[in-house]
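Protein chains in written order, with this note's numbering: chain L, 1 to 336; chain P, 1001 to 1439.
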């Protein structure tokens, strides 16, 4: 027996919302999904009128749906936003080159400008070359650190007022768990923030913060949006994988638990007197950093000096090795 | 050439600190006393002999109590005893401390209380009698009492039984009101949650009746790390500082302490082994359940699996949670949850919240198109700030699930039982406040 749409529109329901358990027909689901994103945007005052906003586009489902929904809402509710697409090309053959094709398709479909920045032009290294150097372990560290900064630089180049990313509710819940497991107290506090700003960096926000991954896929599926869905070919991060599997189990037991984890995360507050990393400016590149030299610069230094694993170790070990290398050089010079 | 202990360096890889691997085949002396052979390895690198381990654990226990400066000689503490390894160890540690002749002797007085919740786990009366007589033997060194979980629903001055034989198990058996309440709750997650909360409330009741000012629970670091992960999943993150901290003062004049919170479960097991203490197996609600049967069970297997492969998991989770405090900007300290007594975390006037987003989702999934068109979303909208109604409005975010998870056909039954209990509780709190002035 067909189940009726719970919005009482008379049509038979085609799906059951993972978030609330309500059964909806296609049209009512589109309506609800879009209205929810609109609600998130308005309630959190994510955008002011006539701003230029960059959508961080990877070609995956989240950013594709984000670009589509933002375009729809921008027109429907006259946000007056100037939307552009910003993509980062990490230089991973067989993964990023294919997904960039999807982004180029998005550019045509949504009539937005597109800027592609590559690791190669920014840092002189592609991820392929980095993996050649350091192997498949730890390469996600390089990619993640570089991408963070690449987005900032791209946003500055495009002179936008804000960058939106496609992080969904599952991503946020997973990050809450990861930060507890890693003991990263500073990130634990800010990972549930919907807008993150640095001192003079361009603010970033996450309009899909409360959207379930499953509903994003449903939306893309019924809207027949093309997106690129392949895992990165360079080893998925093992430890994060555990958190991800756990989250899937929790979702199976109680579908609302994703929202519950975010609720927990939003309520965390750090005890007074707990030492947090200070935020300063990197002496080499001038971007926000928690160390005198930012992680991106120190990773790059390691790569360029042929000691790529150096910058992955502890600060104290790094300093010791640097000192020892200096002594070695002095001794060699003295011998000459 | 440089030498860094491991001998010579070539590439940086050689300079990376090597993991210390213990060769346990050799007979190693305990480095602390240098006389006895080592018997236990903790943190996968530290060797202890029996004497040094017991000394170390005793010291850790005393230090935890001493550092807090919360215990006064005239205090009386209620020990929540469950028969588990850790509660066996806790009783023994306190007993040892009271026997000392030196100035280090524990001066405060204690009593042990055991809650019989066998009916919830569907145990037969004879099984429960067997468990209880074992429990009585374990608690025999102390003033001790038995109490049935059913009494958490009854009037607020629950009778305490000093002898296990006296427990009227026939009266508190499977077809009682408590089981009616549990049967209306459909998910194991919520049943476990409800049981745990009722137990805590009953302990508070017993403590007041016995004029205790402190409650000791035997939760170890491992238990608490699991609880942290489970509570995050249950939406109870706001109360983590209370739920896992050393002291929990959510109820007036009564502080719950967790003196074993620096013990790992391994340390507890060795403590019991060296002292010939055997835990009493008490089957509980979730003992035989599927590892993925509830959020709490899933968290338990997640933490223990991760701990096997990454031995720092438990301590990292635990230390992270230790850096959290109650968020006074979002919590409402004046209003506490009727069930778990923690400050309410359900303020709906905050800018962005996952709670508001869920409410909005519910609203738009059930509204007709005309209604939707009429919805005006503004930054200060009140679509989502409608208050929840009924019993739920007095409960915190996580406790609301107990009601949400009730069978819709019997929702009234369960809610009514719970409402009656909570009302009686708040009445007795009021009575307590004015008791000195009532003639």
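No residue lacks a Cβ here, since even glycine has one placed at the ideal position from N, Cα and C.
Proximity of residue 1069(P) to chain L, defined by a Cβ-Cβ separation below 8 Å, is not satisfied.
Contact annotation for residue 266(L) against chain P: 1353, 1354 [CB-CB distance below 7 Å, chain order].
At a Cβ-Cβ threshold of 8 Å, residue 253(L) and residue 1288(P) do not count as neighbours. Residue 1366(P) has a beta carbon lying within less than 8 Å of a beta carbon in chain L. In the structure shown, residue 26(L) adopts helical secondary structure according to DSSP, grouped into three states. Comparing C-alpha distances from residue 32(L) to each of 1148(P), 1205(P), 1192(P), 1368(P) shows the shortest one belongs to 1368(P). When CB distances to chain P are screened at a threshold of 8 Å, the residues of the stretch 250-266 of chain L falling below it are 250, 252, 253, 254, 256, 257, 259, 260, 261, 262, 263, 264, 265, 266, in chain order.
Chain-order list of chain L residues neighbouring residue 1360(P): 36, 39, by C-beta distance under 7 Å. A Cβ of chain P is located within less than 8 Å of the beta carbon of residue 270(L). Ranked by Cα distance from residue 78(L), the first of 49(L), 218(L), 149(L) is 49(L). Note on geometry: alpha-carbon atoms of residue 225(L) and residue 26(L) lie some 14 Å from one another. Contact residues of the stretch 1227-1238 of chain P toward chain L are 1228, 1229, 1231, 1232, 1233, 1234, 1235, 1236, 1237, 1238 (C-beta to C-beta distance below 9 Å). Residue 274(L) carries a coil assignment under DSSP once its states are collapsed to helix, strand and coil. DSSP places residue 159(L) outside both helix and strand once states are collapsed to three, so it counts as coil. For the stretch 1308-1322 of chain P, the set of positions with a beta-carbon nearer than 7 Å to some beta-carbon of chain L reads 1313, 1316, 1317, 1319, 1320 in chain order. Counting along the chain, residue 1250(P) sits inside the beta strand (DSSP E) bounded by residues 1247-1251. The DSSP assignment places complete beta strand (DSSP E) segments of no fewer than 3 residues inside the stretch 89-163 of chain L at 113-118, in order along the chain.
Here residue 1143(P) is bridged, per DSSP, to 1111(P).
In chain order, 1320, 1323 make up the part of chain P whose C-beta sits under 7 Å from the C-beta of residue 185(L). For the pair residue 130(L) and residue 73(L), the CB atoms are not nearer than the 8 Å cut-off.
Between residue 230(L) and the set 94(L), 45(L), 35(L), 20(L), the nearest pair of CA atoms involves 94(L).
In the structure shown, residue 1327(P) adopts coil according to DSSP, grouped into three states.
Across the structure, residue 1146(P) and residue 1345(P) are spaced so that their CA atoms are roughly 34 Å apart. Collapsing the DSSP output to three states places residue 1256(P) in a strand. Taking 8 Å as the threshold, the shortest C-beta distance from residue 8(L) to chain P falls below it.
Per DSSP, residue 1362(P) is one residue of the alpha helix (DSSP H) stretching across 1354-1366.
For residue 1333(P), the enclosing beta strand (DSSP E) covers residues 1332-1336. At least one C-beta of chain P is nearer than 8 Å to the C-beta of residue 246(L).
At the C-beta level, residue 263(L) and residue 1360(P) stay beyond 8 Å of one another.
Within the stretch 1288-1302 of chain P, those residues whose Cβ lies closer than 7 Å to any Cβ of chain L are, in chain order, 1292, 1294, 1295, 1298, 1302. Around the Cβ of residue 136(L), a 10 Å sphere holds fewer than 16 other Cβ atoms; the residue is exposed.
For residue 131(L), the nearest beta carbon of chain P is not closer than 8 Å to its own beta carbon. Taken through DSSP and simplified to helix, strand or coil, residue 1406(P) comes out as strand. At a Cβ-Cβ threshold of 8 Å, residue 1112(P) and residue 1139(P) count as neighbours. Residue environment for residue 1165(P): exposed (fewer than 16 other C-beta atoms within 10 angstroms of its C-beta). By the C-beta criterion, the stretch 169-185 of chain L is judged not to be in contact with the stretch 89-108 of chain L, since fewer than 3 inter-stretch pairs fall below 8 Å.
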